[in-house]
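Chemist: Take this structure, written in structure tokens, and hold onto it; I'll ask about it next.
Number of protein chains: 2
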Amino acid sequence: MNNVQEESLRDQKKNRRRLQILEIARGIIATKGLRSLKVRDVAEAAGCSVGSVYNEFGDFDGVILTVNRETVQALTARLRGVPAEDPVRQLYGLAETYLEFFAEHANLLRSLFEHRMEDDRPYPDDILQMVMDAFALMHPPLVRLLPDADDVKIALLSRTLFSAVHGIISLGLEERMVAVPPQMLRQQVEQFIDAHLVGLGIVPPR
Amino acid sequence: MNNVQEESLRDQKKNRRRLQILEIARGIIATKGLRSLKVRDVAEAAGCSVGSVYNEFGDFDGVILTVNRETVQALTARLRGVPAEDPVRQLYGLAETYLEFFAEHANLLRSLFEHRMEDDRPYPDDILQMVMDAFALMHPPLVRLLPDADDVKIALLSRTLFSAVHGIISLGLEERMVAVPPQMLRQQVEQFIDAHLVGLGIVPPR
DNA sequence: ATTCTTCTTGAACATTGTTCATTTTCGAGC
DNA sequence: GCTCGAAAATGAACAATGTTCAAGAAGAAT
Numbered sequence: 001m002n003n004v005q006e007e008s009l010r011d012q013k014k015n016r017r018r019l020q021i022l023e024i025a026r027g028i029i030a031t032k033g034l035r036s037l038k039v040r041d042v043a044e045a046a047g048c049s050v051g052s053v054y055n056e057f058g059d060f061d062g063v064i065l066t067v068n069r070e071t072v073q074a075l076t077a078r079l080r081g082v083p084a085e086d087p088v089r090q091l092y093g094l095a096e097t098y099l100e101f102f103a104e105h106a107n108l109l110r111s112l113f114e115h116r117m118e119d120d121r122p123y124p125d126d127i128l129q130m131v132m133d134a135f136a137l138m139h140p141p142l143v144r145l146l147p148d149a150d151d152v153k154i155a156l157l158s159r160t161l162f163s164a165v166h167g168i169i170s171l172g173l174e175e176r177m178v179a180v181p182p183q184m185l186r187q188q189v190e191q192f193i194d195a196h197l198v199g200l201g202i203v204p205p206r
Numbered sequence: 207m208n209n210v211q212e213e214s215l216r217d218q219k220k221n222r223r224r225l226q227i228l229e230i231a232r233g234i235i236a237t238k239g240l241r242s243l244k245v246r247d248v249a250e251a252a253g254c255s256v257g258s259v260y261n262e263f264g265d266f267d268g269v270i271l272t273v274n275r276e277t278v279q280a281l282t283a284r285l286r287g288v289p290a291e292d293p294v295r296q297l298y299g300l301a302e303t304y305l306e307f308f309a310e311h312a313n314l315l316r317s318l319f320e321h322r323m324e325d326d327r328p329y330p331d332d333i334l335q336m337v338m339d340a341f342a343l344m345h346p347p348l349v350r351l352l353p354d355a356d357d358v359k360i361a362l363l364s365r366t367l368f369s370a371v372h373g374i375i376s377l378g379l380e381e382r383m384v385a386v387p388p389q390m391l392r393q394q395v396e397q398f399i400d401a402h403l404v405g406l407g408i409v410p411p412r
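Here the protein sequences come in this chain order: W and S.
According to this note's numbering, the first sequence holds residues 1 to 206 in order.
According to this note's numbering, the second sequence holds residues 207 to 412 in order.
This is how it looks when you write it as structure tokens:
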């Protein structure tokens with residue numbers, strides 16, 4: 001009995017096309033924003049019919065959600081790369097990395113956080129879970145810094161910090177709103193964390 | 207010479223309809239979200255043709271932007287109502303009021319912050335200015351608390367704090383993401399400000 | 001080679017934003 | 001009041017875009 005998954009010619013083509021569609025969709029979202037993503041454009045660029053896009057992803061939301069899924073995966077991978085020796089440094093590193101990633105892929109992250117489903121269908125659970133997992137990357141350093149805090153408190157705190165940093169970055173990069181230059185934004189985020197760590201009693205005031 | 211603006215019957219009808227259209231659009235956005243707002247629904251509910259909506263607002267974005275304009279005005283009015291005797295209390299009050307307002311009008315605020323214009327037309331300046339004015343409500347208490355800080359520093363700090371609180375609240379109320387119960391969210395915001403004010407040296411650690 | 005299954009296609013449809021020639025309404029001058 | 005010109009309202013037609021599906025093409029199985 002052969003356990004190796006033989007990939008038929010059919011599956012090969014299918015997979016290749018699937019990846020191609022995603023790449024094209026991601027490119028359009030990243031450069032021109034989610035609102036500019038059109039089925040026909042994607043189909044044409046991928047050299048297939050609109051029907052095939054539907055065949056592969058169910059509906060157009062399916063394409064968007066798959067791109068979003070990959071976005072949060074890429075983000076998490078980047079965040080996992082932050083060194084963990086010093087917990088304080090790690091927290092700064094996480095924020096800084098989030099800022100970098102957001103600045104590089106602003107439209108992709110907006111798609112992740114702002115996309116509303118048609119009707120009121122629920123957002124897929126697995127994506128929500130992945131976002132939570134990203135949140136959770138702050139748990140270990142926080143636990144090391146606040147050994148007396150219980151899990152619930154840590155979970156709350158990490159979510160609060162993540163949300164706060166997310167707010168600073170997403171509004172800061174919103175060119176239409178304020179357009180903070182990235183370098184200044186970085187400083188802004190740093191000072192924010194400075195103050196907050198002092199406030200939590202994690203770091204002595206300078 | 208008569209300075210009183212005579213309102214012709216024509217203008218009366220026009221104004222009444224304009225208000226009616228806005229009311230209906232606001233209602234739909236508030237209850238079903240921006241994505242569910244359709245010209246034909248609005249026109250039908252207002253008892254007029256779609257053409258009249260365009261006649262009055264130019265395009266559909268015009269309706270949305272007018273609703274957004276009124277949302278930020280209502281928000282600012284609410285924030286202005288926060289007592290200003292004690293600057294620390296005022297900061298807490300501003301955050302708490304923002305939370306209340308956001309919880310009451312989540313979809314309206316999302317429309318304000320997330321709506322993207324067609325093509326890449328710029329977001330109207332006057333709305334951006336109003337949002338900045340809302341930010342600026344934190345200036346006076348911050349100046350009182352940090353008398354040695356210069357204006358730029360104050361402006362940066364107020365924007366940072368606003369954005370951070372906005373992030374905590376908007377993600378916190380995003381039922382699909384995390385769904386923090388409002389009461390817990392309130393506590394979360396409070397603790398956040400606690401820590402930050404301590405970190406800024408404004409309030410002694412407890 | 002034949003048959004069966006599955007995928008692909010793209011025309012047709014549905015929904016929704018937008019335009020504009022026509023009609024209606026209003027106000028002004030008589 | 002009546003008439004006429006300007007302004008507004010209308011809604012059918014158009015345009016853009018998501019969605020479906022019957023028919024055909026392509027691959028797999030025998």
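We treat Cβ as the ideally placed atom computed from N, Cα and C, and that holds for glycine.
Remember, predicted model here, so these are calculated numbers, not experimental data.
Helix, strand or coil: how does DSSP classify residue 329 (chain S) here?
Modeler: It is coil, neither helix nor strand.
Chemist: Scan the region 26-51 of chain W for residues whose Cβ lies nearer than 9 Å to a Cβ of chain S and list them as they occur along the chain.
Modeler: Going along the region 26-51 of chain W in chain order, one finds 32, 33, 34, 35, 36 with a Cβ nearer than 9 Å to chain S.
Chemist: Can you list, in chain order, the stretches of the beta strand (DSSP E) that have 3 or more residues and sit fully within the region 88-157 of chain W?
Modeler: Entirely contained in the region 88-157 of chain W, not one beta strand (DSSP E) run reaches 3 residues.
Chemist: Could you please tell me which residues of the region 346-361 of chain S, in chain order, have their CB closer than 8 Å to any CB of chain W?
Modeler: Going along the region 346-361 of chain S in chain order, one finds no residue with a Cβ nearer than 8 Å to chain W.
Chemist: So residue 382 (chain S) contacts chain W; which residues on that side make the cut at Cβ distance below 8 Å?
Modeler: Neighbours of residue 382 (chain S) on chain W, chain order: 122, 123, 128.
Chemist: Roughly how far, in whole angstroms, is the beta-carbon of residue 315 (chain S) from the beta-carbon of residue 392 (chain S), given that I think they are within contact range, below 8 Å?
Modeler: Actually they are not in contact, since the Cβ atoms of residue 315 (chain S) and residue 392 (chain S) sit about 17 Å apart, beyond 8 Å.
Chemist: What does the alpha-carbon distance come out to for the pair residue 115 (chain W) and residue 336 (chain S)?
Modeler: For residue 115 (chain W) and residue 336 (chain S), the distance between alpha carbons rounds to 25 Å.
Chemist: Between the region 277-291 of chain S and the region 335-352 of chain S, are three or more C-beta pairs nearer than 8 Å?
Modeler: Because the criterion of three Cβ pairs below 8 Å is met, the region 277-291 of chain S and the region 335-352 of chain S touch.
Chemist: Mapping DSSP to helix, strand and coil, what is residue 37 (chain W)?
Modeler: Here residue 37 (chain W) sits in coil by DSSP.
Chemist: Which same chain residues end up closer than 7 Å to residue 36 (chain W) when comparing Cβ atoms and leaving out the 5 residues on each side of it in sequence?
Modeler: Here the set comprises 28.
Chemist: Taking residue 229 (chain W) as the reference, which of W:39, W:161, W:47 has the closest Cα?
Modeler: No answer is possible for residue 229 (chain W): it lies beyond the span of chain W, which begins at 1 and ends at 206.
Chemist: Nearest to residue 303 (chain S) by alpha carbon, out of S:396, S:268, S:284?
Modeler: Here the closest residue by C-alpha is S:284.
Chemist: DSSP three-state label for residue 406 (chain S), please.
Modeler: In the structure shown, residue 406 (chain S) sits in coil (DSSP, three-state: anything other than H, G, I, E or B).
Chemist: From which residue to which residue does the alpha helix (DSSP H) around residue 291 (chain S) run?
Modeler: Note, residue 291 (chain S): premise wrong, no alpha helix (DSSP H); not H, not E.
Chemist: Answer yes or no: does any C-beta atom of chain W fall closer than 8 Å to that of residue 378 (chain S)?
Modeler: Chain W, which has a Cβ nearer than 8 Å to the Cβ of residue 378 (chain S), makes this yes.
Chemist: Please state the DSSP three-state secondary structure of residue 44 (chain W).
Modeler: In the structure shown, residue 44 (chain W) sits in a helix (DSSP, three-state: H, G or I).
Chemist: What residue does the alpha helix (DSSP H) around residue 267 (chain S) start on, and which one ends it?
Modeler: Segment 266-286, the alpha helix (DSSP H) holding residue 267 (chain S).
Chemist: Could you pull out every residue in the same chain whose Cβ sits closer than 7 Å to the Cβ of residue 118 (chain W), ignoring the five residues on either side in sequence?
Modeler: Closer than 7 Å at Cβ, skipping near neighbours: 61.
Chemist: Does any C-beta atom of chain S lie closer than 8 Å to the C-beta of residue 166 (chain W)?
Modeler: True, the Cβ-Cβ gap to chain S drops below 8 Å.
Chemist: Helix, strand or coil for residue 4 (chain W), going by three-state DSSP, please let me know.
Modeler: Low confidence applies to residue 4 (chain W): its pLDDT is 47, below 50, so where it sits in the model is not reliable, and the reading given next is rough at best. Looking at residue 4 (chain W) - three-state DSSP - the assignment turns out to be coil, as it is neither helix nor strand.
Chemist: Taking the CB atoms as reference points, tell me whether residue 188 (chain W) and residue 168 (chain W) lie closer together than 8 Å.
Modeler: Yes, they are a contact pair.
Chemist: Taking the straight line between their C-alpha atoms, what separation do you get for residue 170 (chain W) and residue 49 (chain W)?
Modeler: Near 36 Å, if we compare the C-alpha coordinates of residue 49 (chain W) and residue 170 (chain W).
Chemist: For residue 197 (chain W), which residues of its own chain have a beta-carbon under 6 Å away from its beta-carbon, when the five flanking residues on both sides are left out?
Modeler: For residue 197 (chain W), where only same-chain residues beyond five positions count, the Cβ hits under 6 Å are 203.
Chemist: Between residue 312 (chain S) and chain W, is the shortest Cβ-Cβ distance under 8 Å, so that the two count as touching?
Modeler: No, its Cβ sits nowhere closer than 8 Å to a Cβ of chain W.
Chemist: Determine, for residue 410 (chain S), whether the minimum Cβ-Cβ distance to residues of chain W falls below 8 Å.
Modeler: No, its Cβ sits nowhere closer than 8 Å to a Cβ of chain W.
Chemist: Along the chain, where does the alpha helix (DSSP H) that runs through residue 175 (chain W) open and close?
Modeler: Counting along the chain, residue 175 (chain W) falls outside any alpha helix (DSSP H), and DSSP gives it neither H nor E.
Chemist: Excluding the five sequence neighbours on either side, which residues of its own chain have a C-beta within less than 7 Å of the C-beta of residue 309 (chain S), listed in chain order?
Modeler: Taken in chain order, the residues that qualify are 379, 388.
Chemist: If you drop the 5 nearest sequence neighbours on each side, which residues of the same chain put their C-beta closer than 8 Å to that of residue 126 (chain W)?
Modeler: Cβ neighbours of residue 126 (chain W) beyond the five flanking positions: 69.
Chemist: Starting from residue 53 (chain W), trace the alpha helix (DSSP H) in both directions and tell me its first and last residue.
Modeler: Residue 53 (chain W) -> alpha helix (DSSP H) spans 50-57.
Chemist: For a test of the three-state rule: what should DSSP assign to residue 388 (chain S), helix, strand or coil?
Modeler: Looking at residue 388 (chain S) - three-state DSSP - the assignment turns out to be helix.
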